[in-house]
Structure formats: structure tokens, C-alpha cells
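*Asks:*
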Amino acid sequence: MERQVYVSDSGRELAREVLIHGPISRAELGRRLGLSPASLTRLSKPFLDRGWFIEAAETVQGATGRPAKPLDVQVDSRRFVGVKVTGESAFGVITDLRAGALGQGERSLAGHDVDAVVEAVSDLVAGLRDGDGVEVSGLGVSIGGNVADQRVVTRAPFLGWRNIALADRLERELGIPVTVENDVTALTTAEQWFGAVRGRPAFAVVTIGAGVGYGLVMHDRVVTTADSGLGLGGHLPLDPNGPLCLDGHRGCSTAMLAIPSITLQLGIALGREVDYDEVLRLAESGHPLAVSVTSAAGRALGRMMATIANIAMVDTIVLSGEGVALWNAIGDLALATLAEDRDPDATPVEINVDDAGFVSWARGAAAVAIQAALGRLRLPA
């Protein structure tokens, strides 16, 4: 029987650094982790031996001209599935070790009961596995709501759930490790590890869609608390003259920016139902009522981003979610409002728009599965 090497906390931190920043030189890894060359060699050897790491193309190191082989992950060595569950469907991707989407799929929910969701997710995972033909190392599921210990959904308003042991149910059904996480937390993890702001030690994420979400990375860590899944960023007061959200908050971020609120506002003004695409088309064509609604949203979004930048003291914000097409209509107005609400000498805020929609949410779910896999590494010697 092969002896097992239990990966230490230092080993997991090494894997995390290579995953996020690779290819990365051993000298830079030593500096980041406070490790000697000998310790770095010892910690990296099991990962190299078992195919998690590879040595990248040789480069010349510093003034000495000595050759160096940066470390990187073997990106195709593992497969993960990420699934975003909404009130209507389960959308999933199968990914490589850096959450790069290799295939995608979707299954409608037959209902909101646990059996219906487990059936939809299981069928989706089976389809993605069969299409790729590579063994899946883990499943990540993201959901709008509170999650305890990445196992139990303690509250999911879109599904009407309380205290559902979703990870246990799916593991029994699928036979692979399952990690469950709040959707905004998962998306923030994916942006930190693999997105356009990959490797930055501090930034914020704002999502607009069925609701409004807010995530934060500080000191190279995603900030989470017991209240992370409550959607508190969705109730930031932005416009004292705005409409009410369902919880009775006037002009909060949900009331001003969520898709249902935007479509409802224009629908009331027009005297008929409209969908989100029509709102954006009418605004683009200059329809005065649509422009009024989207302009109010643009000013609210700029104010929200300025508040986040001012209070959290970050200068980078990722804008994502299935409603992010709004940016095409109101981006300039949002940026102008953001600038107005900032000190003129403050660092300009960089806005990165992630317009991949549900693919980004599902990649976020895969990212937390990858993160969990690093946490349970047991490499045979």
C-alpha cells in the first residue's frame, strides 16, 4: 500500500499561489510565502510528482543569468463541474484546473423541492461528464442564500429553503466531493483566482441581475461573514426618491438596479409588461420613459460603486451578473456619478465588466470546488 503524504497548510498555500499566479518563479514564491529554497523544493515535490504542478519554460533569472524554471499548474490534469442554481434552472460548466469553461449545459427545475433540484443538478453533471470523458474531481454548487460550512443551505429565498443538507444529498447521488457556496462569494472567488483582476490583493465585486450582490477581497482573501448570504449589499440606500424594494426600502440598490424592479418601473410607466431586453432596446433608441428609468439606474450604480470605493478603500471593482448589459446604456453616466462622489485627488477607480453572464456564475461554483480540493489534498508518496 502506498504511504500517504498529508499536505500541510504551507503546502496548500503553495498550491494556491501557483494556481493563482503561475507560472511563477521559485524566488517569487519564496518571497510571498516566506520559504527557503530547500523548503520550497520539499513542498513542491509531491505536486510535481503527482501531476498537479509542471515546470514552465526555462527563463533567465536576475543579473546572475542563471536559468530558472517557473512553477505552474498542470491545467488539464483535473476536471471540475460548477453549477449555479436559480429559481428556474441549474446552469453548469465543466472546467479545467483554472476554472476555464470547457463545456456548458442547463436543466430546468421541475419544482423548488429538494428532490427536483437534486435531480436537475445530477442530470446536468452527468451530461457534462459524459461530454468531456474525463473523471471529475469535484462539484461546486452556488446558490443565492446563506450556506453553512459549504455544506448546508440555511436559507435560500428563491427556492423557499431552510436548513437543507444539499452537499450530502448530491454526494450520495453523484459519488464525488460536493462544495456548496453562496453565489456571490463563489463568483468573487473566481474573479480573484481566474478573472481579469486575478492576483490583485484588494477589489470589490458588484452583481446586478435578479438581485444585487456585493463581494469583497481584502489582503488577498475573500471576505465572508455569517451574514454573507443575506444580500446586504442589495439594500444600500442610493436614491431617496426611488421606488420601494419588496422589503420596503426606498431607493436601495435592489430597487434601483435589480432586473425585476427595472422592468416593473418601465412596465408601470408604459401600462404594459416589458422584459429586460426591451427596456434596454427602448433606452438605446432614446425612448424618454426608458431613458428615465435607466438613467436613474445609472446614477444609482455610480453612487453604489463610489460608496464601496470610499468605504472599503478599493480602487478596482468588477461588475458582473446577468443584468450587466445595462452598462452599455448607462456606463458613462455611472462613471460620471462615481467621479462626482469621490475626492478629486483619490485614485481613479478601475471598472472591469464581466459580461459572461451565467457562465461566470457557474465558473464561480467550480472555483470553490477547486479551492475545496486543495484543502483536502492527500497525495500518495
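Under our numbering, think of the first position of the sequence shown as 8, with each following residue one higher. Every residue gets a Cβ at the ideal spot worked out from N, C-alpha and C, and that includes glycine.
(1) For ALA127, which residues from the same chain have a beta carbon less than 6 Å from its beta carbon, with the 5 sequence-adjacent residues on both sides left out?
(2) If you run the structure through DSSP and keep just helix, strand and coil, what is GLN111?
(3) Are there 16 or more other CB atoms within 10 angstroms of the CB of PRO77, so buried, or fewer, so exposed?
(4) Rounding to the nearest angstrom, what Cα-Cα distance links VAL82 and LEU109 in this structure?
(5) Using alpha carbons as the reference points, say which of GLU280, ALA307, HIS119 and ILE269 lies closest to GLY330.
(6) Is DSSP giving GLU188 helix, strand or coil here?
(7) Going straight from the alpha carbon of LEU42 to that of PHE365, what length do you get?
(8) Starting from the C-beta of MET8, find all residues in its chain whose C-beta is less than 8 Å away, skip the five residues before and the five after it, and write them out in chain order.
(9) Determine the closest residue to VAL286 out of LEU333, THR344 and ASP137, with distance taken between C-alpha atoms.
(10) What is the DSSP secondary structure of ARG162, reduced to helix, strand or coil?
(11) Mind checking whether ALA374 and GLY236 have CB atoms under 8 Å apart?
(12) Excluding five sequence neighbours on each side, which residues of the same chain lie with their C-beta closer than 7 Å to the C-beta of GLY238?
(13) What is the rounded straight-line gap between the Cα of PHE87 and the Cα of ILE31?
(14) According to DSSP, what are the bridge partners of TYR221?
(15) Would you mind listing the alpha helix (DSSP H) stretches within the segment 327-358 that are 4+ residues and don't spill past its ends, in chain order?
(16) Does PRO244 come out as helix, strand or coil in the three-state DSSP assignment?
(17) Leaving out five residues on either side along the sequence, give the residues of the same chain with a beta carbon under 8 Å from the beta carbon of GLY382.
(18) Please report the Cβ distance between HIS256 and PRO244, rounded to the nearest whole angstrom; I am assuming they are in contact, meaning their Cβ atoms lie under 8 Å.
(19) In this structure, how does DSSP classify GLY293 when only helix, strand and coil are distinguished?
(20) Just how far apart, CA to CA, sit LEU296 and ALA319?
(21) Put GLY371 into one of helix, strand or coil per three-state DSSP.
(22) Does any residue of chain D bring its CB to less than 8 Å from the CB of ARG349?
(23) From LEU36, THR214 and LEU104, pick the residue whose C-alpha is nearest to that of TRP200; which is it?
(24) Jot down the residue ranges of each uninterrupted alpha helix (DSSP H) in the segment 242-280, minimum 4 residues, whole runs only, in chain order.
(25) Does the Cβ-Cβ distance between GLU188 and SER129 come in under 8 Å?
(26) Using the C-alpha atoms, what's the distance from ARG176 back to ALA123?
(27) Roughly how many angstroms lie between the CA atoms of VAL300 and ASP156, to the nearest whole one?
(28) Would you kindly report the start and end of the unbroken beta strand (DSSP E) that includes GLY145?
(29) Taking ILE368 as the reference, which of GLY258, ALA193, ASN170 and LEU345 has the closest Cα?
(30) Which stretch, first to last residue, makes up the alpha helix (DSSP H) that contains ASP175?
*Replies:* The answer reads as follows:
(1) Around ALA127: ALA97, ARG114 and LEU116.
(2) The answer is strand: DSSP assigns GLN111 an E or B state.
(3) Buried, because 16 or more other Cβ atoms sit within 10 Å of the Cβ of PRO77.
(4) When rounded, the distance between both Cα atoms is 12 Å.
(5) The residue with the shortest Cα to Cα distance from GLY330 is ILE269.
(6) GLU188 falls in the strand class under three-state DSSP.
(7) Their Cα atoms are separated by approximately 39 Å.
(8) Since pLDDT at MET8 reaches only 36, below the 50 mark, its modelled position is unreliable, and no value is offered.
(9) When only C-alpha atoms are compared, the closest one is LEU333.
(10) Correct three-state label for ARG162: strand.
(11) Cβ distance not < 8 Å, so ALA374 and GLY236 don't count as in contact.
(12) Result list for GLY238: GLY218 and GLY220, in chain order.
(13) The alpha-carbon atoms of PHE87 and ILE31 are separated by roughly 23 Å.
(14) Its beta-bridge partners are VAL213.
(15) For the segment 327-358, the full-length alpha helix (DSSP H) segments reaching 4 residues or more read 333-347 along the chain.
(16) Looking at PRO244 - three-state DSSP - the assignment turns out to be strand.
(17) Within the same chain, ARG19 come within 8 Å of GLY382 by CB-CB distance, once the 5 residues on both sides are set aside.
(18) Contact flag correct, Cβ pair sits at about 7 Å.
(19) Residue state, collapsed to three classes: coil.
(20) When rounded, the distance between both Cα atoms is 35 Å.
(21) In the structure shown, the three-state DSSP call for GLY371 is helix.
(22) Here there is only one protein chain, and chain D is not present.
(23) Sorting LEU36, THR214 and LEU104 by C-alpha distance to the C-alpha of TRP200 places LEU104 at the top.
(24) Runs found: 260-264 and 266-277.
(25) SER129 sits away from GLU188, with the two beta carbons spaced by 8 Å or more.
(26) The straight-line gap from Cα to Cα measures roughly 12 Å.
(27) Put simply, the backbone Cα of VAL300 is about 40 Å away from that of ASP156.
(28) Looking at the DSSP string, the run of the beta strand (DSSP E) that includes GLY145 is 143-150.
(29) The question names Ile, but residue 368 in the sequence shown is Trp. Considering only alpha carbons, the answer is ALA193.
(30) Judged by DSSP secondary structure, ASP175 falls within the alpha helix (DSSP H) whose first and last residues are 173-181.
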